[in-house]
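Number of protein chains: 2
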Amino acid sequence: MTRNSPPTIYDVATVAHVSIATVSRVINNLEKVKPETRSVVLEAIDSLGFVPKADARARAIRTQRRIGVVTPFFTAPSFVQRLRGVAAALGQTPYELVIYTVTSSKHLNSYLDTLPLTGNLDGLIILSLELDDHYVERLLDHHLETVLVEYPHPLLSSVEIDNEEGGKQAADYLHKRGYRRFAFVGDTSTAEYGIHPISLRLNGFRKEISRLGCNLPDCQILIAPYDINKTREQAVEFLKSQELPLAIFAATDLQAISLIQAARQLNLRIPEDLAVLGFDDLDMAEYFNLTTIRQHLDESGEIAVEMLLSRLTNPNRTVQISKLPLEIIERGTT
Amino acid sequence: MTRNSPPTIYDVATVAHVSIATVSRVINNLEKVKPETRSVVLEAIDSLGFVPKADARARAIRTQRRIGVVTPFFTAPSFVQRLRGVAAALGQTPYELVIYTVTSSKHLNSYLDTLPLTGNLDGLIILSLELDDHYVERLLDHHLETVLVEYPHPLLSSVEIDNEEGGKQAADYLHKRGYRRFAFVGDTSTAEYGIHPISLRLNGFRKEISRLGCNLPDCQILIAPYDINKTREQAVEFLKSQELPLAIFAATDLQAISLIQAARQLNLRIPEDLAVLGFDDLDMAEYFNLTTIRQHLDESGEIAVEMLLSRLTNPNRTVQISKLPLEIIERGTT
DNA sequence: TTGAAAGCGCTAACAG
DNA sequence: CTGTTAGCGCTTTCAA
Chain S
1 MTRNSPPTIY DVATVAHVSI ATVSRVINNL EKVKPETRSV VLEAIDSLGF VPKADARARA
61 IRTQRRIGVV TPFFTAPSFV QRLRGVAAAL GQTPYELVIY TVTSSKHLNS YLDTLPLTGN
121 LDGLIILSLE LDDHYVERLL DHHLETVLVE YPHPLLSSVE IDNEEGGKQA ADYLHKRGYR
181 RFAFVGDTST AEYGIHPISL RLNGFRKEIS RLGCNLPDCQ ILIAPYDINK TREQAVEFLK
241 SQELPLAIFA ATDLQAISLI QAARQLNLRI PEDLAVLGFD DLDMAEYFNL TTIRQHLDES
301 GEIAVEMLLS RLTNPNRTVQ ISKLPLEIIE RGTT
Chain L
335 MTRNSPPTIY DVATVAHVSI ATVSRVINNL EKVKPETRSV VLEAIDSLGF VPKADARARA
395 IRTQRRIGVV TPFFTAPSFV QRLRGVAAAL GQTPYELVIY TVTSSKHLNS YLDTLPLTGN
455 LDGLIILSLE LDDHYVERLL DHHLETVLVE YPHPLLSSVE IDNEEGGKQA ADYLHKRGYR
515 RFAFVGDTST AEYGIHPISL RLNGFRKEIS RLGCNLPDCQ ILIAPYDINK TREQAVEFLK
575 SQELPLAIFA ATDLQAISLI QAARQLNLRI PEDLAVLGFD DLDMAEYFNL TTIRQHLDES
635 GEIAVEMLLS RLTNPNRTVQ ISKLPLEIIE RGTT
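Order-wise, the sequence lines are chains S and L. Here the first sequence is numbered in our numbering, starting from 1 and rising by one per residue. Here the second sequence is numbered in our numbering, starting from 335 and rising by one per residue.
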């Protein structure tokens with residue numbers, strides 16, 4: 001006869017033929033219990049392997065070190081690589097990794113409402129998600145130590161990159177390689193907010209291009225949906241309208257890959273007719289032999305963990321900001 | 335008006351003009367609470383500085399609402415896609431997702447030692463990892479409901495595919511497309527155990543090929559390390575030694591991709607000189623326009639969750655086995 | 001979507 | 001010394 005739930009004082013009381021009050025007394029060593037009764041109860045306790053549930057849980061929770069990660073649902077490989085970094089760093093520690101995947105900003109906010117209350121978390125890492133001030137305050141009020149990755153906020157620690165600088169480096173690199181006609185491919189998220197990473201990359205790219213004495217007219221900018229197939233289709237049309245040779249800076253590796261596909265479809269030679277420079281350095285970039293700007297995705301997760309843990313053990317209240325370097329990885333598409 | 339004891343949900347309920355049940359719901363992010371109600375409650379919570387009492391919670395809670403997933407560290411995209419399925423399915427439920435990534439079998443076993451004891455888990459999903467009988471017993475003894483994905487065990491529920499059938503389908507498909515010279519590329523894990531998925535795929539492939547009156551001599555089998563670059567290098571040599579045209583069945587999409595790269599390097603036309611059929615249908619397969627055998631990776635995770643949850647609510651002790659179908663996805667490489 | 005009400009496992013006051 | 005019983009603060013049916 002097996003039981004599926006842990007024994008309670010009621011079970012102990014039944015086995016020992018006493019009331020639950022008596023069991024409670026021997027457990028808590030309150031008042032005096034007749035020695036014989038006492039030992040009967042203790043035997044029952046031992047034979048059942050009884051552990052007071054509330055204590056057990058309270059203790060478990062206190063002991064259990066848990067850090068939570070809120071991440072967009074793993075649609076894009078970049079999220080996965082960041083998460084992988086988090087998992088790698090946390091694997092070295094006694095902390096448990098709890099994942100909250102988010103599919104909408106409403107979803108995100110509801111997590112943020114409840115996590116500080118009943119999340120039982122020691123710390124929180126928020127990946128690639130933008131936080132409203134309101135929720136930042138909540139986090140702060142409830143003393144839930146938090147590190148942001150990709151979208152910084154002045155009141156919280158974060159690990160980020162300089163997107164504008166990334167655009168600049170792209171321009172410099174392509175220029176140095178001898179290209180003089182440029183284009184940019186970004187995704188539609190660009191349109192919504194001025195401060196989105198992709199807009200910043202475009203800004204940096206454009207500025208540097210004009211500084212170099214070239215130019216980037218609007219007709220050489222393609223804003224496509226975040227979907228590799230649709231992007232490819234639009235890229236085909238886009239490329240047809242362009243004068244070659246051309247050097248394209250794609251705001252993400254995935255878009256760069258769409259471009260490569262489009263180029264193949266049009267029988268363009270890479271990099272002779274069309275040079276493609278990506279951004280991210282996904283695992284996949286290597287498979288496509290894509291030249292790209294590495295933004296150290298895995299490391300961003302690792303560093304977030306390190307920052308979080310160090311603040312946990314040493315809660316000095318200064319917000320810490322870690323800026324990751326960018327690095328051009330030369331492969332075959334430029 | 336000051337109070338001397340810390341606020342309870344009753345206080346919150348009073349201030350928010352709702353019932354304690356509603357407060358509990360917003361705290362736990364359960365079921366749906368009308369957004370307006372929700373924010374009223376949250377305001378009350380914040381204004382009172384309410385913090386739920388852990389012990390009271392522990393008392394009232396019957397389930398932990400935590401399900402654990404043990405997975406190989408996300409090196410291969412196939413693990414990620416399985417995990418993605420788990421996350422997707424769990425996202426619909428009030429269960430928390432705890433991830434345990436594993437980098438060695440020792441590592442796995444140490445998790446398996448402690449998880450049933452102190453894991454505080456309602457259930458466990460084990461992805462793409464092989465279990466010793468000993469640990470299976472442990473899981474059973476401690477009544478930790480478990481579902482296995484990819485490596486089944488007779489005493490536990492599992493979701494799996496028929497790898498040998500996959501090999502057979504590969505042969506049939508390539509044969510039907512008119513190919514008559516075949517090769518196989520697998521990875522070195524094949525060597526260690528006879529029952530590994532990749533060996534099974536090879537077995538099924540080989541058998542069916544001879545049934546079809548063709549043959550697959552050992553010199554047309556390449557066993558390469560699980561590393562896309564090394565595989566590519568070896569594939570180049572391998573292809574040089576082969577008579578063309580040739581149809582290759584790669585045991586995984588990643589290896590298929592290595593083959594595509596090798597073919598490009600050798601200026602072979604795909605599929606005219608070399609047909610490549612993959613196995614998995616990773617997201618990436620589409621980007622490479624790879625014909626492949628889909629094994630429904632995401633679904634495997636989703637189904638594992640469904641199986642687990644259904645056993646949790648309805649603990650009928652029959653072990654359940656779910657066999658996923660395979661599906662040929664025709665794209666451009668065959 | 002909500003509220004009423006019945007637990008959850010345990011402690012403590014009160015009888016006996 | 002021991003049992004009965006009323007809570008503790010929270011969760012979770014079940015109806016409405």
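Glycine included, C-beta positions come from ideal geometry on N, C-alpha and C. All values reported here derive from a predicted model rather than from experimental measurement.
- At the C-beta level, isoleucine 604(L) and isoleucine 594(L) come within 9 angstroms of one another.
- If you ignore the 5 residues before and after arginine 317(S), its C-beta comes within less than 6 angstroms of no other C-beta in its own chain.
- Against chain S, the beta carbon of proline 386(L) has neighbours under 9 angstroms at Leu117 and Thr118, listed in chain order.
- In the displayed model, proline 197(S) falls within a helix according to three-state DSSP.
- In this structure, Ala262(S) is the residue among Asp253(S), Ile209(S), Phe184(S) and Ala262(S) with its C-alpha nearest to the C-alpha of glutamate 233(S).
- When the beta-carbon positions are compared, lysine 176(S) and glutamate 208(S) stay at least 9 angstroms from each other.
- DSSP assignment within the region 564 to 605 of chain L yields the following whole beta strand (DSSP E) runs of 3 residues or more, N-terminal first: 580 to 584.
- Here asparagine 497(L) is buried: its Cβ has 16 or more other Cβ atoms, across all protein chains shown, within 10 Å.
- The C-alpha of alanine 275(S) lies about 18 angstroms from the C-alpha of leucine 212(S).
- Identification of residues in the region 435 to 448 of chain L having a C-beta nearer than 9 angstroms to some C-beta of chain S yields Thr435, Val436, Thr437 and His441, given in sequence order.
- Closest in alpha carbon position to phenylalanine 516(L), among Glu661(L), Asp607(L) and Ile495(L), is Asp607(L).
- Think of a sphere of 8 angstroms around the beta carbon of valine 639(L): no beta carbon from chain S falls inside it, the nearest being about 13 angstroms out.
- Selection Ser47(S), Val70(S), Lys230(S) and Glu137(S) evaluated against leucine 97(S) yields Val70(S) as nearest (Cα-Cα).
- In the three-state DSSP reduction, threonine 101(S) falls in the strand class (E or B).
- Judged by beta-carbon spacing, serine 47(S) lies beyond the 9 angstroms limit of valine 159(S), meaning their Cβ atoms are not closer than that value.
- Judged by beta-carbon spacing, glutamine 415(L) lies beyond the 9 angstroms limit of aspartate 561(L), meaning their Cβ atoms are not closer than that value.
- DSSP, reduced to helix, strand and coil, places aspartate 218(S) within a helical segment of the structure shown.
- One Cα belongs to threonine 435(L), the other to isoleucine 460(L), and the distance between them is close to 10 angstroms.
- Residue-level contact by beta carbon fails for asparagine 28(S) and chain L, as no gap is shorter than 9 angstroms.
- With contacts defined as CB atoms closer than 9 angstroms, isoleucine 293(S) and aspartate 281(S) qualify as a contacting pair.
- Close partners of phenylalanine 74(S) in chain L (Cβ separation under 8 angstroms): Val414, Leu417, Arg418 and Ala421.
- Valine 375(L) places its beta carbon less than 9 angstroms from that of valine 360(L).
- The alpha-carbon of histidine 530(L) is positioned some 8 angstroms away from that of serine 523(L).
- The region 449 to 458 of chain L and the region 389 to 401 of chain L touch, with three or more beta-carbon pairs separated by less than 8 angstroms.
- Only exposed fits valine 319(S), as fewer than 16 other CB atoms lie within 10 angstroms of its CB.
- Inter-residue distance for threonine 291(S) and histidine 142(S) is about 44 angstroms (C-alpha atoms, whole angstroms).
- The beta carbon of isoleucine 433(L) falls within 9 angstroms of a beta carbon belonging to chain S, placing the residue at that interface.
- The alpha carbon of proline 7(S) has as its nearest neighbour, out of Arg396(L), Leu489(L), Cys553(L) and Pro340(L), the alpha carbon of Arg396(L).
- Identification of residues in the region 277 to 311 of chain S having a C-beta nearer than 7 angstroms to some C-beta of chain L yields Met284 and Tyr287, given in sequence order.
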